[in-house]
Structures are given as structure tokens and as C-alpha cells.
Amino acid sequence: MRKELFDLIQWYCTKGYQADVQRLREEEFPGLLTTFSEFLEETNWANQELTYESLGF
């Protein structure tokens, strides 16, 4: 198992999962992939009166 784990860690460090996030955001899934900042703004996260339940998830 050590060899497999070593290979996996090496793969993550050298290649890992790769995606053209900008293209996905603009072409494949327009309006669906938001940045973390956009998420915080859209959910009004800074409003201390809101609860998790009021986010509607």
C-alpha cells in the first residue's frame, strides 16, 4: 500500500485534478459556477441576523 499511496501523493503534487474553471464558468455552466466571494455576497453572509436555515439550502 505504501507504493500506491506514494504514487497518489506524487500525482496530486505534480498533476492533480485540472480544469479550465474560467471556460467552465463562462461556456459550460454560465451562471452556475460562482466564486466564493460571489457566494458570500449572494447569500448576504455578513448579516448576523440570518441563520443557516434562512439561506434556503
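Last residue of the sequence shown: 56 in numbering that gives the first Met the number 0, with the numbers rising by one and none dropped. Each residue gets a CB set at the ideal place from its N, CA and C atoms; glycine is no exception. All values derive from a computational prediction rather than experimental measurement.
- In the structure shown, residue 19 adopts coil according to DSSP, grouped into three states.
- Taking each of 15, 13, 14, 30 in turn and checking the Cα distance to residue 21, the smallest one comes out for 30.
- Here the C-alpha atom of residue 28 lies approximately 28 Å from the C-alpha atom of residue 10.
- For a cut-off of 8 Å, the C-beta gap from residue 33 to residue 26 is around 15 Å, too long to register as a contact.
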